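*Asks:* Mapping of the sequence shown onto the numbering used here: residues 20 to 215, in sequence order.
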Amino acid sequence: MKFSGKEKKDLFFAGLMISLAFAILLSGGLGGMLSFSFYIVFVIAFFTAGIGFLFHELMHKYVAQSYGLFAEFKAYYKMLWLAILLSFFGFIIAAPGAVYIRGNITKEKNGKISLAGPVTNIVLGVLFLILLFALRAEGIFKAFLGFGLTINSLLAAFNMIPAVPFDGSKVIAWNKKVYYITLILAIGLFIFSWLV
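#1: Under 8 Å by Cβ, that's how I've got Gly122 and Glu76 pegged, so tell me the actual separation to the nearest angstrom.
#2: Does Lys21 pass the burial test, meaning 16 or more other C-beta atoms within 10 Å, or should it be called exposed?
#3: Using only alpha-carbon positions, find the residue among Ile206, Phe61, Ser188 that is nearest to Glu127.
#4: If contacts are defined as beta-carbon pairs under 8 Å, then Ile43 and Met52 qualify, I think. What distance do you get, rounded to the angstrom?
#5: State buried or exposed for Glu26, treating a residue as buried only when at least 16 other CB atoms are found within 10 Å of its CB.
#6: Of the choices Leu146, Gly109, Gly165, Leu101, whose alpha-carbon is the least far from that of Leu49?
#7: What are the boundary residues of the beta strand (DSSP E) that Ile120 is part of?
#8: Per the DSSP calculation, Ala219 is bridged to which residue(s)?
#9: Please report the distance separating the alpha-carbon of Pro184 from that of Leu151.
#10: What's the gap between the Cα of Val142 and the Cα of Ala64?
#11: Where do the ends of the alpha helix (DSSP H) carrying Ser23 lie?
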């Protein structure tokens, strides 16, 4: 994959800021930020939520570039600051950025490019699930793997909303069967994450 200098900066700061927002949320706001455990929570947030967001966007870019299209990630800094601000109040609205694509884009190509992000989160969620059971995780490691499963399945399900600008709108326009299979997998994985 090819990256511009600005794109590398945007990816770095989007991953960092979304991880920070989730760390603040999971730590309980400003009070939690002042404790040493905040740094542990930040690492957990980075390797679950941050990586989930970044891999989601990178897979859009990878598939688009594999079709010979121009694809570049651009961070939405106003939305990233909003995510951090809202995390102090106990919730997050996260729109860290998007991959902008130019070139000869057919409905099928657009659908497959859009599908790549949610499928990546489903795969990551399944990996966290496998590790959760295979390692019989306990304590903070179990919390880490459980959060990785929950956040990635949620990212997949959320992005499959069949309305613009979500990935689901382009997937359903291309192939309804693929759309519903992906949606069912994402929602099923998310529900299962609350049972383990």
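For glycine and all other residues, C-beta sits at the position ideal for the given N, C-alpha and C. Small disclaimer: the values here were computed from a predicted structure and weren't measured.
*Replies:* Taking the definition as stated:
#1: Not quite, the Cβ-Cβ distance comes to about 18 Å (not below 8 Å), so this is no contact.
#2: exposed
#3: Ser188
#4: 6 Å
#5: buried
#6: Gly109
#7: 116-121
#8: Nothing in the structure corresponds to residue 219, since the chain is present only between 20 and 215.
#9: 33 Å
#10: 18 Å
#11: Segment: none, Ser23 is in no alpha helix (DSSP H) and carries neither H nor E.
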